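Student:
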Amino acid sequence: MSLPPGSTIGIIGGGQLGRMSAMAAARLGYRCHIFTPEVASPASQVAAQTTVADYTDHEALKTFAASVDVITFEFENIPAASLQLLTSLKPVHPSAEVLAISQDRLDEKNFLNSIGAPTAPFAAIETEADLSAAIATLGLPGVLKTTRLGYDGKGQAMLRTPEDAAAAFNALAPKPLVLEGFIDFACEISVIIARGADGSITSFDPVENRHKHHILDLTLAPAPLPLATLAEATRLGRLIAEKLNLIGLLAVEMFVTASGTLLVNEIAPRPHNSGHWTIDACPASQFEMHIRAVAGLPLPPASRHADAVMKNLIGPDDMADWPAILATPGLIAHHYGKTEARPGRKMGHINRLFPKGSLPGEFGIMDALKHK
Ligand code: AMP
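Quick note: to get my numbering, add 27 to the position in the sequence shown (first position is 1).
1. Could you say which of 99, 383, 109 lies nearest to residue 80 if we only look at CA atoms?
2. Measure the alpha-carbon distance for residue 135 versus residue 296 and round it to whole angstroms.
3. What I want to know is whether the C-beta of residue 455 ends up closer than 7 Å to one or more non-hydrogen atoms of the ligand AMP.
4. Can you name the start and end residues of the alpha helix (DSSP H) that residue 54 belongs to?
5. Return yes when the C-beta of residue 264 is under 7 Å from any heavy atom of the ligand GTP, and no when it is not.
6. Tell me whether residue 207 counts as near the ligand AMP, meaning its Cβ is closer than 7 Å to at least one heavy atom of that ligand.
7. Would you please state the rounded distance, in angstroms, between the beta carbons of residue 278 and residue 352? I believe it to be under 8 Å.
8. Hey, how far is the Cα of residue 254 from the Cα of residue 242?
9. To the nearest angstrom, report how far apart residue 195 and residue 208 are at their CA atoms.
10. Tell me whether residue 195 counts as near the ligand AMP, meaning its Cβ is closer than 7 Å to at least one heavy atom of that ligand.
11. Can you give me the start and stop residues for the alpha helix (DSSP H) that residue 234 sits inside?
12. Is it true that the region 333-350 meets the region 373-386, where meeting means three or more beta-carbon pairs spaced less than 8 Å apart?
13. For a minimum of 3 consecutive residues, which ranges assigned as the beta strand (DSSP E) are wholly contained in the region 160-185?
14. In angstroms, rounded to a whole number, what distance separates the CA positions of residue 262 and residue 309?
15. How many angstroms separate the CA atom of residue 49 from the CA atom of residue 300?
16. For the beta strand (DSSP E) that contains residue 208, what are its first and last residues?
17. Beta-carbon within less than 7 Å of residue 259's beta-carbon, same chain only, minus the 5 sequence neighbours each way: which residues are those?
18. Per DSSP, which one or two residues make a beta bridge with residue 76?
19. Do you know how far the Cα of residue 247 is from the Cα of residue 257?
20. So is the beta-carbon of residue 130 under 7 Å away from any non-hydrogen atom of the ligand AMP?
21. Closer than 7 Å to a non-hydrogen atom of the ligand AMP - does that hold for the CB of residue 216?
22. Please go through the same chain and pick out, in chain order, the residues whose beta-carbon is closer than 6 Å to the beta-carbon of residue 56, but skip the five residues on each side of it.
23. Check for me: the alpha helix (DSSP H) holding residue 317 runs from which residue to which?
24. Please list, in chain order, all residues of the same chain as residue 95 whose beta carbon is under 8 Å from its beta carbon, the five residues on each side excluded.
25. Going by the C-beta, is residue 341 closer than 7 Å to any heavy atom of the ligand AMP?
26. Give me, in chain order, the residues of the same chain whose beta-carbon lies closer than 6 Å to that of residue 396; leave out the 5 immediate sequence neighbours on both sides.
27. Starting from residue 123 and walking both ways along the alpha helix (DSSP H), at which residues does that stretch end?
28. Taking the beta strand (DSSP E) that residue 374 belongs to, which residues open and close that run?
29. Would you decide whether residue 345 is buried or exposed? Buried here means 16 or more other CB atoms lie within 10 Å of its CB.
30. So the candidates are 73, 66, 105, 375; which of them puts its Cα closest to the Cα of residue 82?
31. Residue 326 and residue 226: beta carbons closer than 8 Å?
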């Protein structure tokens, strides 16, 4: 059953992903009601209604649920009890089960391996003794991570020698942790899949992601890799979405090794930073696909009419260039409406399009992103 125009979509989370989802929803005739602890959030600036309350405020969640027709997320770390409450009141997409898996790195990796999706070798770490044993088995270097609430490189530490172990173990919280073997990857890619309640599925072309200080810096669409590698990434993404019984959008981040092997690093059942290029390069963006999937609308093919490069605008340094970016023909500018440009904060992004099949090489990309 599809939601008629004029219906209200509830979005948990008020960040830029919610903002761009609400803008896509508005174009399809829907209203959005944002639930966020943040006052004047990026999403609430473009939505019909906002509830500002804590994710644990059950009274506020009940009132919110009563005012919407369907509930979705731009942020997946909402407490399980709150999720259970929402699920008892209204349709929630993606489901609580999907969110539970993606909230916990260990559950995520166990799930991925159980369906035949390869990951880095890993071990669960509850105690320092577990860590010593895991180092003996997996070897070093390794990456020690919290299982919950990590993002943009937060909640993780690189272990190069056994002497690094104790300090990293003590610094990382909450426990348990997970130790992953360090993957000497050739590049990082991601693929974004949309899946509807009727099992219809579509996937955007895999993209290459480059990070700076653990934060996404550039996305190249499509990833400049052999077709067989791209096809395998798409196969894995679709397999994961199907095995999760997903209704909504799923981003799957993967490492590509020098020999072309793919290892899944992380999944996120929501719009993703590496899909921002789709706003300008595709007839239906990742945000429109997200809204269509949760509203029960048909999913068009996730096709692309152009190649694209996306660059994140991070913190005050990048935002100092905002006037020059606006003055440069060909740069498509997106601002998230955040007033304070703190270092490391995602403030906006720019997209640049190229005719299909003509994504420039290494130097061309830097040239293409230059502004006056
Ligand atoms: P994550 O928070 O898991 O997405 O990790 C953030 C970034 O750290 C990734 O995008 C990689 O660049 C790097 N990283 C994470 N895990 C590993 C690993 N097992 N081996 C090598 N690099 C990693």
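From the three backbone atoms N, C-alpha and C, an ideal C-beta is built for every residue, glycine too. Bear in mind that the values here come from a model prediction, so they are computed numbers and not experimental data.
Tutor: Taking the structure as given:
1. Sequence index remark: in the sequence shown, residue 80 carries index 53 (1-based). The shortest C-alpha to C-alpha distance from residue 80 to any of 99, 383, 109 is the one to 109.
2. Against the sequence shown, residue 135 aligns to sequence position 108. Against the sequence shown, residue 296 aligns to sequence position 269. For residue 135 and residue 296, the distance between alpha carbons rounds to 12 Å.
3. Nothing can be reported for residue 455, as the shown portion of the chain is limited to 28 through 399.
4. Numbered from 1 along the sequence shown, position 27 holds the residue referred to as residue 54. Its alpha helix (DSSP H) spans residues 43-54.
5. Of the ligands this structure carries, namely the ligand AMP, none is the ligand GTP.
6. Mapped onto the sequence shown, residue 207 falls at position 180. Checking every heavy atom of the ligand AMP against the Cβ of residue 207, one is found closer than 7 Å.
7. One-based indexing of the sequence shown puts residue 278 at position 251. One-based indexing of the sequence shown puts residue 352 at position 325. About 26 Å separates the two Cβ atoms, so there is no contact after all.
8. Translated into positions along the sequence shown, residue 254 becomes position 227. Translated into positions along the sequence shown, residue 242 becomes position 215. Using only the alpha carbons, I get a separation of about 27 Å.
9. Within the sequence shown, the letter at position 168 stands for residue 195. Within the sequence shown, the letter at position 181 stands for residue 208. Answer to the nearest angstrom: the Cα atoms are 15 Å apart.
10. Within the sequence shown, numbered from 1, the residue matching residue 195 stands at position 168. No, the ligand AMP has no heavy atom inside 7 Å of this Cβ.
11. The residue you call residue 234 lines up with position 207 of the sequence shown. Annotation: residue 234 is outside any alpha helix (DSSP H); the continuous beta strand (DSSP E) that includes it extends over 234-239.
12. Cβ pair count under 8 Å is three or more, so yes.
13. 169-173
14. The sequence position of residue 262 within the sequence shown is 235, counting from 1. The sequence position of residue 309 within the sequence shown is 282, counting from 1. C-alpha separation (whole angstroms): 21 Å.
15. Within the sequence shown, numbered from 1, the residue matching residue 49 stands at position 22. Within the sequence shown, numbered from 1, the residue matching residue 300 stands at position 273. Cα to Cα, residue 49 sits roughly 16 Å from residue 300.
16. Position 181 of the sequence shown, counted from the first residue, corresponds to residue 208. Here the beta strand (DSSP E) through residue 208 covers 204-208.
17. For the purposes of this step, residue 259 is taken as the residue at position 232 of the sequence shown. Within the same chain, residue 259 has close Cβ partners 289.
18. Within the sequence shown, residue 76 is the residue found at index 49, counting from 1. Note: residue 76 sits in a beta bridge opposite 60.
19. The residue you call residue 257 lines up with position 230 of the sequence shown. The residue you call residue 247 lines up with position 220 of the sequence shown. So the alpha carbons of these two residues sit roughly 13 Å apart.
20. As a working mapping, residue 130 is identified with position 103 in the sequence shown. The answer is no for residue 130.
21. Stepping through the sequence shown from its first residue, residue 216 is reached at position 189. Not a single heavy atom of the ligand AMP lies less than 7 Å from the C-beta of residue 216.
22. The sequence position of residue 56 within the sequence shown is 29, counting from 1. Cβ neighbours of residue 56 beyond the five flanking positions: 32.
23. Working through the sequence shown from its first residue, we reach residue 317 at position 290. Segment 313-322, the alpha helix (DSSP H) holding residue 317.
24. On the sequence shown, position 68 is the one that residue 95 refers to. Once the five neighbours on either side are set aside, the close Cβ partners of residue 95 are 35, 36, 37, 60, 117.
25. Here residue 341 refers to the residue found at position 314 when the sequence shown is read from its first residue. Residue 341 Cβ: outside cutoff for every heavy atom of the ligand AMP.
26. Stepping through the sequence shown from its first residue, residue 396 is reached at position 369. Taking residue 396 as the centre and dropping the five residues before and after it, the same chain places the C-beta of 338 closer than 6 Å to its C-beta, in chain order.
27. If you number the sequence shown from 1, residue 123 lands on position 96. It spans 123-130 - the alpha helix (DSSP H) in which residue 123 sits, taken as one unbroken run.
28. Indexing the sequence shown from 1 puts residue 374 at position 347. Counted as a single uninterrupted DSSP element, the beta strand (DSSP E) harbouring residue 374 occupies residues 373-381.
29. Working through the sequence shown from its first residue, we reach residue 345 at position 318. The Cβ neighbour count for residue 345, taken over all protein chains shown within 10 Å, is at least 16; the residue is labelled buried.
30. Within the sequence shown, residue 82 is the residue found at index 55, counting from 1. Comparing Cα positions, the closest option is 105.
31. If you number the sequence shown from 1, residue 326 lands on position 299. If you number the sequence shown from 1, residue 226 lands on position 199. In this structure, residue 226 does not lie closer than 8 Å to residue 326 by Cβ.
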